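Everything below concerns the one structure shown next.
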Amino acid sequence: MNKTRMFVVLCATVLAQMAWAVDFPAAVDGVITLTTAGTYSAAVPTSTKLVVNANGSVTLSSTTKYTGTVEIESGSTLVIPNTTILANAPINVKSGGTLNPTFASPGQWSKVFLQPITIAGTGNGGIGAFKYGGSGNGDSIVKTLVLSADATIDCSKRWGDSNGNGAGKIDLQGHTLTRIGGDNFMFVAATMTPGTFKNTAGTLTFQQNSGTFGMTGTADETIFQFTGGTLTFWNTTQYLPYKFIMDGGSISAGSGSGEPPKNSISGPVDINFWLAVNTASGKSFGLMGPISIASSKAIEFKNANWSYVGGPLSGGGDLKVSANGLLSLQAEDLGAPRLVMQSGTMECEGGKGLVRMFRCANGGGVYGVFHHKNGDLSFSSGDNPRVGESANSFGAYVFESGKMCPSNTFYLAAEKADSHGLFLQKGGHFDLKADPQTDADKQ
């Protein structure tokens, strides 16, 4: 490149930078209002309030701390490329505005925004009222998130709210917080007040991280609704007391093992679709509050790790184990479920219920084990129980204590020439009834 052309290129570059570098306007009654989009590289002048109303993107690139109030108006996005400038500034994102931090996380338990961030609306162009665009595990970057109305957050990059290094709080104030974006939102031992958290994508992780959750609210007040994404437990040691509505998504246990309250929900869970529960090797999970499974829907427990169902159960849907799944039924009121074992094991610890359908090893090349340790079970005549139902399958029913009352017929490897079935009774009362079993039998 010749010197003349180099000079022209350098001049063009400088002019372009100058065109985007914007000076702060003078304060009016202590308020600075930014009406021009671009990068403000100088320190924010002393003022009581900074208003971003630029109908575009504004970047504050200085590292000098500003402690006045910040307000982001509709149509504007405020980009924060460093962790210092607004660390001590209360921030209010109006409906249609977006706060967009882009800095790398300073550490998993390091808080960045120490003052409340108040949000409303779906963000500038629907990108979220808060959208983290940085890198690293920003699990604690927000100390207090407050909703002044229904609002949306974007988690295309991992971030969250935690009690690490000081109390973390999500103050819903009765509103709905909708989460978008495919990465992880970390809820680490933080407090959430009454309202609804709606998860549409990505992962929502509950993590204990030592100490107590400090959560407020009850299942009647605070609701988690899933239409997509994954609800993940990471070594939680106390029950989650909230209501969960599963209209989509899945559940997983990534860390932590043992009986409830480990990785467990004590609030009610409504299941309105076919829900898969996956547990990592050696991990566990529990649904110990009221469970409603819509008719023709199911919870399917997968992988060779224990899950627990404490009930009571209602709705008449399926409980299924597959892929070496292990399920312990501990509900006093088992309701009227359909039980399916397709390469998996169920244990009935007690309680009373009417089993509307029972399939132990249904499908070629599968096994099923039902361990009836205790409890009173009646079986519907509408779909008689089958153990070792399919060709090239093996099913076992081990009966130790309680009552087992099939209606009319009990099929034990009876329908396929190469199916295999075992019934082993060690105790309890077996009663093959002639009358059809109905809901009244579980009362």
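Here the sequence shown stands for residues 0 to 442, where the numbers follow numbering that gives the first Met the number 0.
The beta carbon of each residue, even a glycine, is placed where N, CA and C say it ideally should be.
Keep in mind it's a predicted model, so treat the numbers as computed, not measured.
Put simply, the backbone Cα of residue 431 is about 40 angstroms away from that of residue 279. Counting only runs of 3 or more residues that sit fully inside the segment 313-340, the beta strand (DSSP E) segments are 317-328 and 332-334, in chain order. In the displayed model, residue 37 falls within a strand according to three-state DSSP. In the structure shown, residue 277 adopts extended strand secondary structure according to DSSP, grouped into three states. Straight through space, the alpha carbons of residue 190 and residue 121 are spaced by roughly 23 angstroms. Check the Cα spacing between residue 179 and each of 193, 152 and 204: the tightest is with 152. Under the DSSP assignment, residue 233 falls in the beta strand (DSSP E) whose first and last residues are 229-233. In this structure, the alpha-carbon of residue 67 lies about 15 angstroms from that of residue 77. Assignment of residue 52 by DSSP, reduced to helix, strand and coil, places it in the coil class. With 16 or more other Cβ atoms from the protein chains shown falling within 10 Å of its own Cβ, residue 288 counts as buried. Collapsing the DSSP output to three states places residue 407 in coil. Per DSSP, residue 108 lies in no beta strand (DSSP E) and is assigned neither H nor E.
Counting only runs of 3 or more residues that sit fully inside the segment 67-141, the beta strand (DSSP E) segments are 68-71, 76-79, 90-92, 97-100, 116-120 and 137-141, in chain order.
Non-local beta-carbon contacts of residue 418 in its own chain, meaning distances under 7 angstroms to residues more than five positions away in sequence, involve 387, 388, 389, 390, 392 and 412 in chain order. Straight-line spacing of the CA atoms in residue 368 and residue 250 works out to 23 angstroms. For residue 358, the enclosing beta strand (DSSP E) covers residues 356-359.
Just so you know, the alpha carbons of residue 256 and residue 306 end up roughly 10 angstroms apart.
Spatial neighbours of residue 269 in its own chain (CB-CB distance under 6 angstroms, excluding positions within 5 residues in sequence) are listed in chain order as 244 and 291.
Counting C-beta atoms within 10 angstroms of its own C-beta, residue 324 has 16 or more neighbours from the protein chains shown and is therefore classed as buried. Burial check for residue 428: the Cβ neighbour count within 10 Å stays below 16, so the residue is exposed. Residue 361 is classed as buried because its beta carbon has at least 16 other beta carbons within 10 Å across all chains shown.
In the structure shown, residue 287 falls within a coil segment according to DSSP collapsed to helix, strand and coil. When the beta-carbon positions are compared, residue 262 and residue 284 come within less than 7 angstroms of each other.
DSSP places residue 365 outside any beta strand (DSSP E), giving it a letter other than H or E. When DSSP states are grouped into helix, strand and coil, residue 195 belongs to the strand group. Assigned with DSSP and collapsed to three states, residue 187 falls in strand. Of the residues 350, 380, 254 and 57, the one whose Cα lies closest to the Cα of residue 371 is 350. Cβ contact annotation for residue 22 (same chain, cutoff 8 angstroms, sequence separation greater than five): 39 and 41, in chain order. No Cβ-Cβ contact shorter than 7 angstroms links residue 112 with residue 82. With contacts defined by Cβ atoms closer than 7 angstroms, residue 297 and residue 316 form a contacting pair. In summary, residue 87 is exposed, with fewer than 16 beta-carbon neighbours lying within 10 Å of its beta-carbon over all protein chains present. Residue pairing of residue 57 in beta bridges, as defined by DSSP: 37 and 77. In this structure, the CA atom of residue 147 is about 6 angstroms from the CA atom of residue 117. Under DSSP, residue 272 takes part in no beta bridge, so it has no partner. Residue pairing by DSSP puts residue 393 in a beta bridge opposite 366 and 419. Beta-bridge pairing by DSSP links residue 402 to 375 and 428.
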